[in-house]
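Enquirer:
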Amino acid sequence: MRQLDRPPLVTVFGGGGFIGRQVCEALMRQGARILIAQRNAVAAHVVQPLAQVGQLGYRQADLSNRTSVELAVHGADMVINLVGTFGAMETLHVEGARTVAEAAAAADCVSLVHVSAIGADHQSPSRYGRTKAEGEDAVRAAFPGATIIRPSLVFGAEDQLTNRFAGLGKLPIVPVLKPDAKFQPVYVVDLARAIATAALEPASHGGKTYEIGGPQVMSMIELHRAIYALSGQSPGLIELPDFAGDILSRVGFLPGAPITRDQWLMLGRDNVAAKGSKGLAVFGIDPTPLAAVAGEWLARFGGNRFAGRGTPQAASN
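All residue numbers in the sequence shown are consecutive under this note's numbering, ending with 338.
1. For P196, write down the residues that DSSP places opposite it in a beta bridge.
2. Does the structure place the region 171 to 180 close enough to the region 209 to 225 that three or more beta carbon pairs sit under 8 Å?
3. Which residue spans inside the region 149 to 196 form an unbroken alpha helix (DSSP H) run of at least 4?
4. In the DSSP output, which residue or residues are listed as bridge partners for K203?
5. Taking one C-beta from the region 147 to 154 and one from the region 189 to 196 each time, how about it: are there three or more such pairs within less than 8 Å?
6. For D83, is the classification buried or exposed, using 16 other Cβ atoms within 10 angstroms of its Cβ as the cut-off for buried?
7. Do Y200 and M241 have their CB atoms nearer than 8 Å?
8. Indicate the three-state DSSP secondary structure (helix, strand or coil) for T32 in the structure shown.
9. Answer with buried or exposed for N292, where buried requires no fewer than 16 other C-beta atoms within 10 angstroms of its C-beta.
10. Alpha carbon to alpha carbon, how far is M287 from S270? Give it in angstroms, no decimals.
11. On the three-state DSSP scale, how would you describe A336?
12. Could you name the residues that DSSP lists as bridge partners for V136?
13. Give a yes or no on whether the C-beta atoms belonging to P310 and Q254 are separated by under 8 Å.
14. Could you name each continuous beta strand (DSSP E) segment of 3 residues or more that falls completely within the region 56 to 122, going from the start of the chain to the end?
15. Would you identify the three-state DSSP class for T281, choosing helix, strand or coil?
16. Looking at M239: is its Cβ nearer than 8 Å to the Cβ of F204?
17. Using 8 Å for Cβ pairs, my map puts W285 next to G300. What's the rounded Cβ distance?
18. Just the Cα atoms here: how many angstroms apart are G96 and A126?
19. Where does R54 fall in DSSP's three states?
Right, dumping it as structure tokens:
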């Protein structure tokens, strides 16, 4: 394994995204140099204010273009792949993941962190779950020492989870699909710290798979209630029967939000870390509860900047 006598250079595919920006910040706090690689490199410039002079660079890269991936990995010590999609799943989750892993191996990188998902399973009813599992296999075959990170739902100030649900809170009635489906939401800052640590400490984490969730297992209906408490809203919640959800998924639209058929199939399985999984504890991270932070960005939906912050109702959910 290559020995480093300087701050490591980490190529982060998808580093300008919701999770990626937090990963880059966590890496930079530990002195790493970063190269953000993604299709729209200009969009990643929002990370620039977090960096010191000479600590951050950008490169346009597309996981479906092997040459662009190889150029992005050239000279890197470590690689992190955060790319995920509900669109071209086979192209990005499988072939793209393989391309990144092969490029990292060819470049003699000391570590590779591949972010997958809880629910990655060859027998999953959803394409998302199946392609995530196939992608993990491709990564392991090309780079056996890779660290696989499987998070549950991820929440944070710029997420498409709590903000979407809170946005629906202005409706008098909010329909809830799969109200009993279980999740283990994890705070994006905690997840990012784990990803960064896995990349920087391959001797401890290389070759391992971690399922990562937050401190609470919540049902879909409990998640809705917690979000509306934190945002200071109180819409009526209607638990939709499965036959209605099935029909809506075929149409592709739930009032106020789109839902694909694949997303509906994903809801058929709980999104919770496997029993005995040590998750964030392995990285020395105390998981952050939703109620401890989400009021900071959700209060704007209720028009009260103090709504939901530390209230008994929010904390109890």
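Beta carbons are placed, not taken as given, at the ideal position from N, Cα and C, and that holds for glycine.
Expert: Let's see:
1. Under the DSSP definition of a beta bridge, P196 partners with I259.
2. Segments in contact, yes.
3. Uninterrupted alpha helix (DSSP H) stretches at least 4 residues long and entirely within the region 149 to 196 occur at 183 to 189, given in chain order.
4. Residue pairing from DSSP places K203 in a beta bridge opposite S240.
5. Short answer: they don't touch.
6. Taking every protein chain shown into account, the CB of D83 has 16 or more other CB atoms within 10 angstroms, so this residue is buried.
7. Correcting the residue type first, residue 200 is Pro in the shown sequence and not Tyr. M241 is positioned such that its CB atom lies closer than 8 Å to that of P200.
8. Strand at T32.
9. So N292 ends up on the buried side.
10. The alpha-carbon atoms of S270 and M287 are separated by roughly 11 Å.
11. Confidence at A336 is low in this model, with a pLDDT of 35, below 50, so the placement of that residue is unreliable and no value is reported for it.
12. Beta bridge pairing from DSSP links V136 with I170.
13. No, they are not a contact pair.
14. If we require 3 residues or more, the beta strand (DSSP E) runs fully inside the region 56 to 122 come out as 77 to 81, 99 to 102.
15. Annotated three-state conformation of T281 is coil, per DSSP.
16. For M239 and F204, yes; Cβs fall inside 8 Å.
17. The Cβ separation is near 27 Å, so there is no contact.
18. Answer to the nearest angstrom: the Cα atoms are 12 Å apart.
19. If DSSP states are grouped into helix, strand and coil, R54 belongs with the strands.
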